[in-house]
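Position 191 of the sequence shown, counting from 1, maps to 191 under the UniProt record's numbering, and the rest follow consecutively. Idealized CB from N, CA, C, for every residue including glycine.
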Amino acid sequence: MGVLEDKRRARVFYKYLSQVYDQINPFIWNEAMRTEAIDLLDIDEDDRVLDVGCGTGFATEGLLEETDDVYGIDQSVHQLEKAWAKLGKHDPVQFSRGDAERLPYRTNSFDVLWSSGSIEYWPNPVNALREFRRVTKPGGQVLVVGPNNPRNSVMQRVADAIMLFYDADEADEMFERAGYEEFDHYLMGPSHKPDIAITTVATVPDDS
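So this is what it looks like as structure tokens:
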């Protein structure tokens, strides 16, 4: 387990990162990537969407262009304060503090679930993916964006010591263990690093 896959350490990390997150985020996860990922989903204007690990609301802002019914949840109160300042005052977003592995929502509450830049901090990603399946309606879509494994073996070891990095094969294993049957992976990233992120789009099975 990487250093930042500990929830307490991750909260401390984001307390300080929240102060500069919106300034450094475009170098890693920019608007073009956000649009590319959103285009992988079939979001109707009346769909209810949950953004897990919403952070300062960067992805939430893009999702609001597709539907007005968006919820955001994050474990960092400091990130949520930034998100609420940007969006909560003006848009119909319901922000909550909570844990990806124990979501405070009823079964089959959402049509689409989105999570970007969050899975790398979860101690038990399979548990969180099961929770995603639970709160998303059968036939609904779950999208998860995480960091792609570095190609260099030395960098892989360094990366794994910090947080979760994974490739398509490891993503297959996680999603299968969480009970998903249909899913696809896509590599994306900024122009200087076009394969920095791995995006998985999964369909929630009918027997969920």
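With H, G and I counted as helix, E and B as strand and the rest as coil, what does DSSP make of residue i?
i      : result
Leu129 : helix
Arg102 : strand
Thr35  : helix
Gln75  : coil
Leu87  : helix
Ala202 : strand
Tyr166 : strand
Ala59  : helix
Lys82  : helix
Asp207 : coil
Tyr121 : helix
Asp42  : coil
Asp195 : coil
Glu182 : strand
Asp172 : helix
What is the C-beta distance between residue i and residue j, in whole angstroms, given that I count them as a contact (C-beta under 8 angstroms)?
i           : j      : result
Ala197      : His185 : 10 angstroms between Cβ atoms; not a contact.
Val105      : Val135 : Checking the sequence, you will find Tyr at residue 105 rather than Val. Contact holds; Cβ gap of about 5 angstroms.
Ser115      : Gly179 : With a Cβ gap of about 16 angstroms, Ser115 and Gly179 do not count as contacting.
Val145      : Ala32  : Not quite, the Cβ-Cβ distance comes to about 13 angstroms (not below 8 angstroms), so this is no contact.
Asp74       : Arg97  : 7 angstroms
Val126      : Met188 : Contact flag wrong, Cβ pair sits at about 23 angstroms.
residue 213 : Asn149 : Here the chain has residues from 1 to 208 only, and residue 213 is not among them.
Glu199      : Leu40  : Going by the sequence as given, residue 199 is Thr instead of Glu. That belief holds up - the Cβ atoms of Thr199 and Leu40 are roughly 7 angstroms apart, short of 8 angstroms.
Buried or exposed for residue i, going by 16 or more other Cβ atoms inside 10 Å?
i           : result
Leu164      : buried
Thr56       : buried
residue 275 : Residue 275 lies beyond the residue range present for the chain, which begins at 1 and ends at 208; the question has no answer from this structure.
Ala100      : buried
Thr60       : buried
Asp111      : buried
Glu176      : exposed
Asp42       : exposed
Pro147      : buried
Asp207      : exposed
Ser191      : exposed
Lys89       : exposed
Arg133      : buried
Ala85       : exposed
Arg102      : exposed
message = Between the segment 138-151 and the segment 84-101, can you find at least three pairs of beta-carbon atoms closer than 8 angstroms?
response = no
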